[in-house]
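Before any comments, here is the structure.
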Amino acid sequence: MIAMGGSMARRYPVVRTRRYWQAAFFFWTVFIGTLFTLWVFAHMRGAEPAVSRPPGVEGFLPISALMSLRFWLSGGGVHPVHPAGLAILLGALLMSATVARSFCSHLCPVGALSEWLGRLGRRLMGRTWELPRVLDVLLRSVKWLLLAFFVWATWVAMDLGQLRRFLDSPYNRVADVKMLLFFAEPSRLTVAVLGVLVVGSVLVRDFWCRYFCPYGALVGLFGLLAPFKITRNPETCTNCQLCTKVCPARLPVHKVSRVRSVECTGCQDCVAVCPVADCLSLAASRRFPLRPAHGVLLAMAVYFAVTLGFRLAGHWRGVVSEAEFAKRIPEIHSPLYTHVGGMAPGEAEPAPRLEAAH
């Protein structure tokens with residue numbers, strides 16, 4: 004097994020470039036999460052927050068964003084409660100539909116953490132483990148079952164009226180706060196599951212991403228549409244198989260002329276280790292390869308173009324006001340802020356749907 008730690012980043016500029024972006028986005032996410040935590044707990048104490056609510060926290064509301072996507076595609080426009088969540092979801096989907104599933108390897112903070120835990124495992128034990136093939140295939144189906152369930156629940160089981168009522172519901176208006184409290188006040192089951200995922204990620208490379216992440220499954224489907232995929236020139240290939248040995252998705256890169264797999268994240272680790280110039284590349288076709296660093300920058304450009312477009316259009320900050328949050332957060336444990344089977348209770352007088360703030 005080829006070493007995939009810091010030494011690889013030092014040897015190969017494209018790996019270093021990708022990891023810089025990955026680390027920067029991870030720590031930016033931590034910063035956003037810290038601001039949001041301070042803001043929420045100030046409101047829970049009934050105090051005036053010293054910081055503002057960062058809209059980027061809506062990136063941790065993928066189910067709400069998936070529902071907002073359906074609402075938008077159905078002609079309802081950008082729903083104003085969590086517009087940044089929709090922007091982040093669209094950015095992830097479109098960058099992955101440009102450079103194969105690149106969100107997972109370039110920007111996803113959970114993917115970054117999973118990758119770092121895997122490197123920790125290799126440092127502690129000298130290697131990470133690969134599960135037996137049958138178990139590997141069975142576990143990989145879990146993320147697809149989870150994705151199928153969420154798509155069914157949000158796109159099939161709900162009609163448009165139910166969808167609108169959920170998006171306008173008190174629960175959805177404070178879904179970001181509920182998400183924070185889920186981790187800040189975890190049950191024993193939550194702690195146990197998180198513990199298994201952390202230990203599993205140390206022992207098995209990309210344990211969460213490979214087996215359980217429905218978000219990764221979704222962007223993987225969009226990655227199949229990507230024009231820029233890992234492309235191999237069989238005429239210059241020496242069959243050294245370094246590309247296959249280094250592939251985090253365990254794909255047989257040395258056997259195919261073009262990697263068409265939902266598991267490929269476009270990380271370009273295979274391109275980095277290839278000893279033959281231009282044998283492997285990120286390309287729309289063999290005649291139009293990208294320089295490795297340009298592939299990273301293209302993926303970044305698509306994501307930030309989408310999110311910047313939402314900002315410029317006034318669809319970044321939601322319409323739930325500071326005063327409304329100040330009223331709702333102290334009563335967050337009320338039955339009003341629960342949901343059963345995707346249905347959330349409403350209010351006697353539904354909260355108004357205002358125009359998105361500009």
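If you use my numbering, the sequence shown corresponds to residues 4 to 361, in order. Here a beta-carbon is modelled for each residue, glycine too, at the ideal position from N, C-alpha and C.
Rounded to whole angstroms, what's the CA-CA distance from residue i to residue j? Just pull it up for me.
i	j	result
P112	S337	31 Å
S55	L148	37 Å
S117	R208	8 Å
T341	Y174	6 Å
R73	S99	19 Å
S204	V140	17 Å
R314	G59	11 Å
K181	G79	25 Å
W155	M128	41 Å
Y23	A103	19 Å
L200	T193	11 Å
A187	A50	19 Å
Helix, strand or coil for residue i, going by three-state DSSP, please let me know.
i	result
P251	coil
T234	strand
V145	helix
R261	strand
S77	helix
Y23	helix
P189	coil
L116	helix
A103	coil
A178	helix
A220	helix
L283	strand
P86	helix
L227	coil
L293	strand
Just to confirm my understanding: we take residue i, look at its own chain, exclude 5 residues before and 5 after, and list those with CB closer than 6 Å. What are they?
i	result
L415	Nothing can be reported for residue 415, as the shown portion of the chain is limited to 4 through 361.
A287	P230 and F231
H1	Residue 1 is absent from the model: the chain starts at 4 and stops at 361.
F210	G203 and S204
If we count the other Cβ atoms within 10 Å of its Cβ and call it buried at 16 or more, is residue i buried or exposed?
i	result
K330	exposed
A26	exposed
P1	Since the first and last residues shown for the chain are 4 and 361, residue 1 lies out of range.
T241	exposed
M303	buried
T32	buried
G226	buried
G114	buried
E334	exposed
G121	buried
L69	buried
G124	buried
I5	Its pLDDT being 48, under 50, I5 is placed unreliably by the model, and the measurement read from it follows with that caveat. Counting Cβ neighbours within 10 Å, I5 comes out exposed, since fewer than 16 surround it.
Between the Cα of residue i and the Cα atoms of the options, which residue gives the shortest distance?
i	options	result
T247	A280, G226, Q271 and S144	Q271
G317	A90, M98 and C282	A90
L93	P83, G114, D139 and S71	S71
D179	F30, I35 and Y23	I35
R235	V154, A275, F63 and R191	A275
R290	G129, L301 and C282	C282
G219	L206, E266 and L38	E266
Y306	E61, T101, V81 and V17	T101
A280	V299, T239 and Q165	T239
R143	V222, Y214 and F106	Y214
Could you name the residues of the same chain whose beta carbon sits closer than 7 Å to that of residue i, not counting the 5 residues immediately before and after it, in chain order?
i	result
V323	V84 and R176
L97	V305 and V309
V262	K232, I233, L254 and V256
To which residues of the same chain is residue i closer than 8 Å at the C-beta, ignoring the five residues directly before and after it?
i	result
P278	T241, C243 and L245
V17	Q271, V274, A275, P295, A296, G298 and V299
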